[in-house]
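Q: Numbered per the working numbering, the sequence shown spans residues 199 to 838.
Glycine included, each C-beta is placed from N, C-alpha and C at the ideal position.
My questions all concern the structure below.
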Amino acid sequence: MSAQDLSTVMSTPEANVSEFTPSIEMVTTRKKRPRPADLHTETERMQQTRTAVACDACRISKTRCDASRPSCAKCQKRGRRCLYPDKDPSSVFEILGGKILKAIEDQGQLIANLSVQGGLSNNSTNGHPPEPHDLHVDETGDEIEAHSRKDVLSTPITASDDILKWNVFPADEPIRTLPASVFSAKMNPYSNEISHLSPERILELRDIYLSKFEPLTPFVDNETFDDFVLEVLRDGLKDSVSSCFVLSIFALAAIWGNYPEDERRFTSNAENGSPTRTVAVPEHRFKESSIYFAMAQSRMSYALQDDSLLGVSCYCLMGSWYWYNFEPVQGWKMFRTASMLWETYHQKQTLGGSERSQQELSLEQRLFWTCMKAECEMRYELPNLPLCTLQDSQFSFQLPSFPSEAPTSRLFVCHARDRRNCAPTAFYYFLAEISLRRLLNRARNAATKLSPNLDSSGARMVAEKFTQLEEQLQRWLECLPPCLYFNLPPDSLPSEAEPELVKLMRERYVEVRELLCRAFLYICVHDHATQLTIPQRRLYGAKASLGLRLNAYRIETEKPFYRHCGSWIACRVRFNHALCLLAAARAKNLDTESTKFIEIPINWQDYVIKVKDRLDTWSDQGGGIEQLSVTLSWLASQSF
199 MSAQDLSTVM STPEANVSEF TPSIEMVTTR KKRPRPADLH TETERMQQTR TAVACDACRI
259 SKTRCDASRP SCAKCQKRGR RCLYPDKDPS SVFEILGGKI LKAIEDQGQL IANLSVQGGL
319 SNNSTNGHPP EPHDLHVDET GDEIEAHSRK DVLSTPITAS DDILKWNVFP ADEPIRTLPA
379 SVFSAKMNPY SNEISHLSPE RILELRDIYL SKFEPLTPFV DNETFDDFVL EVLRDGLKDS
439 VSSCFVLSIF ALAAIWGNYP EDERRFTSNA ENGSPTRTVA VPEHRFKESS IYFAMAQSRM
499 SYALQDDSLL GVSCYCLMGS WYWYNFEPVQ GWKMFRTASM LWETYHQKQT LGGSERSQQE
559 LSLEQRLFWT CMKAECEMRY ELPNLPLCTL QDSQFSFQLP SFPSEAPTSR LFVCHARDRR
619 NCAPTAFYYF LAEISLRRLL NRARNAATKL SPNLDSSGAR MVAEKFTQLE EQLQRWLECL
679 PPCLYFNLPP DSLPSEAEPE LVKLMRERYV EVRELLCRAF LYICVHDHAT QLTIPQRRLY
739 GAKASLGLRL NAYRIETEKP FYRHCGSWIA CRVRFNHALC LLAAARAKNL DTESTKFIEI
799 PINWQDYVIK VKDRLDTWSD QGGGIEQLSV TLSWLASQSF
């Protein structure tokens, strides 16, 4: 399977099926079977596409009726009174039949599209390709698409501060999990220094970026990058957007570690000199990277004024650097600015109507998804940040295509072996992760319906939605290409030689699956009035138990001390997993009927302690991690 094929299979379905190839979400979206009441309502609403084919007399005698009005020929000949039913009994089946035939025709067209050179090009992206939700009676296609692309302000089961509001936790938490200092930038001690890069170091940094960072987020045009590297080798750094771009990449490359190394080390405590463990970036890496980053910052005005995609890339790179250094809000500012620059670029191109290369179109798509994913990711834990404006963009939501082979400059052929080997997997990961992000947005939207006061009927409606999302997640899993296959959690542990992209894909899957189960834990924990039926308690308890097993699995299998751009968010998510284990234990101690069927992992306290140790180790990096550690210690002392 080529990268173009996967882009076709995983593309976002939105407008005319005849013009677009199917997406992973078209495969994953489960159509809900209409209930009789829904069909009756729909039949009344819809205009009849045909009259009744037979009068009552002809129906009873099973003779052919010409359906003439006011009397058919048979009744007129026999002198009978000719009566037609007010509604055609077959109209319900006709409606469904038409939809089924339409779905079959659409699927035939989709298969035909797939056979045309591995899928159509991105030139025909004037509309939004549709998803086959014709039989989905709860939501319209527009509503489903809106829930896929948009995140929500907050839900009772996502952000740490929202989970701490569950009624099994004390109302007086000892400290806020997000201090005001998170919103301030850290001081760069090397902001006034300048580095003179040697040609050898330039090539080393280039290779580090292409082999270690770029496969995780392929939003840089590598041919353009190589051109700029040649420019720096030939003419040196300039006050330009291209030099800002190169320096931003070098800042990331210089600070990046080696997967999957445990980066903990001992250092002296500043107060008493005793040895303490830290995962701070080694000084030589941090210094070199900080110098490059400061040099890039001095050229940010050129990136801000740039009207191409280069300025967008610069701010995405800077945002990634801030995240690596546990400055989440500063990183969000960069991605927010990148989104603004992308929107400006897109509006200019829309009005100008000039021809652009497939390479540029692909980069535009990749940067769109990179910016939107980054903003949504940060708002997952900081829901008070403003919504991402790109989710309301009129940009076609088709996913990006990628070259069948990773392009590389002839001059650097000997330096790009690692990237050529991992490029297809990186493209697959990028597309699959975007599709999973859309499913996660739908899950978060469904979670807004959760309430501490749900009755049996309300709980059933929410449960049906989450069960549907579970089915979509299973379809997503079945569509993964072989290069991203992983041992299925929680029953199978990951392989020892698991590649980094496979690890990230597996962890993304667990994140979504656990969140879907967390909804059932919330329902069970808050059912103090015993409004759930016994079958509901049994079913929801089983799903909540699976979620707790996934919490334990994620804590056990993660590489917690390998540093990457998502390490800050990972600390908070693991804190949330520990909160779920604590919530279940505290609810079980209340001995309510709704928690009778919840099974907590036997050694659940050990997993909470592991999270506590993790937070302690990362606490000197800032970002509010120390506050998480204090809060978890306080809760654990009341629960163990």
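1) Enumerate in chain order the residues of its own chain whose CB-to-CB distance from R636 is below 6 Å, with the five nearest sequence positions on each side excluded.
2) Smallest Cα separation from T731: which of S792, N685, V710?
3) Taking M532 and Y513 to be in contact with their CB atoms under 8 Å, please state how far apart those CB atoms are, rounded to whole angstroms.
4) For a minimum of 4 consecutive residues, which ranges assigned as the alpha helix (DSSP H) are wholly contained in the region 721 to 783?
5) Tell whether a beta-carbon distance below 8 Å holds between Y627 and L682.
6) Might you give, ordered along the chain, the residues of its own chain that have their beta carbon closer than 7 Å to the beta carbon of H726, omitting 5 neighbours on each side?
7) If I follow the unbroken beta strand (DSSP E) through R475, where does it start and stop?
8) By the 10 Å Cβ neighbour count, where 16 or more other Cβ atoms means buried, how is I798 classified, buried or exposed?
9) So, for P687: in the same chain, excluding its five sequence neighbours on each side, which residues have a beta-carbon less than 6 Å away from its beta-carbon?
10) Within 8 Å of any Cβ in chain D, is that where the Cβ of K701 sits?
11) So what's F464 in DSSP terms, helix, strand or just coil?
12) Is the separation between the beta-carbon of C769 and that of A742 shorter than 8 Å?
13) By the DSSP assignment, the alpha helix (DSSP H) with V828 in it spans what residues?
14) When you compare each of S817, R747, Q819, F795 to Q803 by their alpha carbons, which one comes out closest?
15) Report back the beta-carbon spacing between W521 and C763 to the nearest angstrom; my notes put them in contact at under 8 Å.
16) What runs of the alpha helix (DSSP H), each 4 residues or longer, lie entirely inside the region 502 to 582?
17) Since I believe R706 is in contact with L634 (beta carbons under 8 Å), could you give me their beta-carbon distance rounded to a whole number of angstroms?
18) Among the residues of its own chain, which have a CB less than 6 Å from the CB of T226, if the five just before and after it don't count?
19) If you follow the alpha helix (DSSP H) that G656 is part of, which residue opens it and which one closes it?
20) If contact is defined by three or more beta carbon pairs under 8 Å, each pair taking one atom from either stretch, is the region 490 to 504 in contact with the region 405 to 413?
21) Cutting at 6 Å between CB atoms, please list the residues of its own chain near S835, excluding the five before and the five after it.
22) Thinking Q819 and F625 are a contact (beta carbons under 8 Å), I'd like their distance in whole angstroms, please.
23) Kindly list the residues whose CB is nearer than 6 Å to the CB of P692, restricted to its own chain and excluding five residues on each side of it in sequence; keep chain order.
24) What is the rounded straight-line gap between the Cα of A614 and the Cα of A621?
25) Taking DSSP as the reference, what is the three-state secondary structure of S441?
26) Mind checking A776: buried by the 16 CB within 10 Å criterion, or exposed?
27) With a CB to CB cut of under 7 Å and the five nearest residues on each side skipped, what residues in its chain are close to K647?
28) Helix, strand or coil for A235? Go by DSSP, reduced to three states.
29) Under a three-way DSSP split, which group does F600 fall into?
30) In the DSSP assignment, find the unbroken alpha helix (DSSP H) run with D789 in it and report its ends.
31) From the DSSP output, in three-state form, read off E371 for me.
32) Is the region 409 to 426 close to the region 473 to 487, with three or more CB pairs under 8 Å?
33) In this structure, how does DSSP classify W454 when only helix, strand and coil are distinguished?
34) Exposed or buried, L351, counting other C-beta atoms within 10 Å across all chains shown (16 or more means buried)?
35) Using three-state DSSP, classify R262 as helix, strand or coil.
36) Who are the Cβ neighbours of R642 in its own chain at under 7 Å, not counting the five residues just before and after it?
A: Taking the coordinates as given:
1) S346
2) S792
3) 5 Å
4) 732 to 755
5) yes
6) T790
7) 473 to 476
8) buried
9) V708, Y751
10) This model lacks chain D altogether, as it is built from one protein chain only.
11) strand
12) no
13) 823 to 837
14) R747
15) 4 Å
16) 507 to 522, 526 to 550, 556 to 579
17) 5 Å
18) Any reading at T226 must be qualified, since the residue scores a pLDDT of 42, below 50, and its modelled position is unreliable; no value is offered.
19) 654 to 676
20) no
21) none
22) Actually they do not touch by this definition, with Cβ atoms about 32 Å apart.
23) N685, T755
24) In this predicted model, A614 has a pLDDT of only 43, less than 50, meaning its place in the structure is not dependable; the value taken from the coordinates is given anyway. One C-alpha to the other measures close to 11 Å.
25) helix
26) buried
27) V660
28) Confidence in A235 is poor, its pLDDT being 44 and thus under 50, which makes the residue's placement unreliable; the coordinate value appears in the next sentence. A235 falls in the helix class under three-state DSSP.
29) coil
30) Run containing D789: none; DSSP gives neither H nor E here.
31) coil
32) no
33) coil
34) exposed
35) coil
36) D349, V350, T353, T356
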